[in-house]
Ligand SMILES: [Zn+2]
């Protein structure tokens, strides 16, 4: 079965083939580094991670760019409020972003260009100059440069709206700028006092690039004029991605992107995430409440990217128990007594991969995994699963984890718990039951439940409830 994805541009599920055989050029809009990213941002980044890992699982080589927006209204406002230089203000948020990617097991992109890097600023200025030369852009009185949307007949094709609404020819004036048309968007913003010491020299005077041209310049600069896939959150469709198409295609004359993929919004506890509503969470907030990156990853990945996801603490608890089932099953397979290994291998099939081929149908893919766990657990209960079959299953789950990243953390049990377990084992060997119970309670206080089984003590994370 071919890979099939929903294309925002055509509003259809289409077969996917990269332009160059075996190689996918992928651009994903990255964070604006004025704060810690929130879990809504991470839903999009985890969807993109799933996409990349699945393409690689299918043998494609992915060349991926994720930009860092380190100059825009928000970053400038932030650095001015703190009285810091722009680069000093954004540096800790860049660092935090990479830490969060690791916590959530998101694969690093091949390139993380920063908008303020001199080579990218130069490219942005170059693209704007070309747009002016070709009549697609104009300089306003204050030194800002705008894209002339009526010069690009395809404007509106991604967001599927009629650009006539924006082409009303009204001249808009205010204190700061002058545009020919209300829909025209800024390519270059002339410096004003609110910008402080942030600004670059350009043929149109001192100023800074608009957000949209940043992505067009970094995408085409690194990946070339024709991308295979461009992703983002659905709120990026308009105006950001619509503007990227207009700018890039008017400069290069080529079709900028073949496949546009967008992730739906995240809701939290049934409503829009907002600081004022008390349902706004960064990854760090959830870690402080005792949830692991792997659990948050599971919760965010487990609903298909095109469907609304309502993020709840019950959902996180369900993620925790699903992962626990997967871990217990994997451990059970690993511990199956080794007999005539290599015999009676199992045909595990490709249902998992085929589910994801179908527009990343994660619900179907997870169903394949838990069906496999159910049927083979039953056979282990009966004692009929052969060591050869266990080997096949372990190999299969390794492939699954290459895509989903659900593998148990090596050494996730803290050292102190390991020591307590050893002491408790000694106590039990000496039949000191009271001491054994005391140590059990000490282990519980660290967040782990110890159970005594035929094979010895077994640890599971203690449920730590919701918010
Ligand atoms: Zn972007």
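In my numbering, the protein residues as written are 2 to 468.
Every residue, glycine too, gets a C-beta built ideally from N, C-alpha and C.
Residue environment analysis places residue 8 among the buried positions, since at least 16 neighbouring C-beta atoms fall within 10 angstroms of its C-beta. In the three-state DSSP reduction, residue 295 falls in the helix class (H, G or I). Assigned with DSSP and collapsed to three states, residue 313 falls in coil, not helix or strand. Taking the Cα positions, residue 146 is about 20 Å away from residue 197.
According to DSSP, residue 450 shares a beta bridge with 461. Runs of the alpha helix (DSSP H) lying entirely within the region 176-224, each at least 4 residues long, are 212-224 in chain order. Short of 7 Å from the beta carbon of residue 83, and not among the five residues preceding or following it, lie these beta carbons of its own chain, in chain order: 90.
Residue 270 carries a coil assignment under DSSP once its states are collapsed to helix, strand and coil. Within its own chain, the residues whose Cβ lies closer than 6 Å to the Cβ of residue 387, once the five positions on either side in sequence are excluded, are 345, listed in chain order. C-alpha of residue 243 to C-alpha of residue 265: approximately 17 Å in a straight line.
Cβ-Cβ distances below 7 Å link residue 397 to 349 in the same chain, with the five nearest sequence neighbours on each side left out; the list follows chain order.
Cβ neighbours of residue 282 within its own chain (closer than 6 Å, five residues either side excluded): 40. At a threshold of 7 Å, residue 264 does not count as near ligand 1, since its beta carbon sits no closer than that to any of the ligand's heavy atoms. Within 7 Å of the C-beta of residue 241 there is at least one heavy atom belonging to ligand 1.
Not one heavy atom of ligand 1 lies closer than 7 Å to the C-beta of residue 80.
Taking the Cβ atoms as the reference, residue 185 lies roughly 21 Å from residue 116, outside the contact range of under 8 Å. For residue 103, the three-state secondary structure derived from DSSP is helix. At the C-beta level, residue 105 and residue 43 come within 8 Å of one another. By the criterion of a C-beta distance shorter than 6 Å, residue 259 is surrounded in its chain by 229, once the five residues flanking it on both sides are discounted.
Relative to ligand 1, the nearest heavy atom lies less than 7 Å away from the CB of residue 233. The C-alpha of residue 434 lies about 60 Å from the C-alpha of residue 27. In this structure residue 180 is buried. Its beta-carbon is surrounded by 16 or more other beta-carbon atoms within 10 angstroms.
The criterion of a C-beta distance shorter than 8 Å is satisfied by residue 402 and residue 408.
Short of 7 Å from the beta carbon of residue 98, and not among the five residues preceding or following it, lie these beta carbons of its own chain, in chain order: 32, 34, 38.
Within the model, the alpha-carbon separation for residue 274 versus residue 314 is close to 14 Å. Between residue 54 and residue 367, the alpha-carbon positions lie close to 16 Å from each other.
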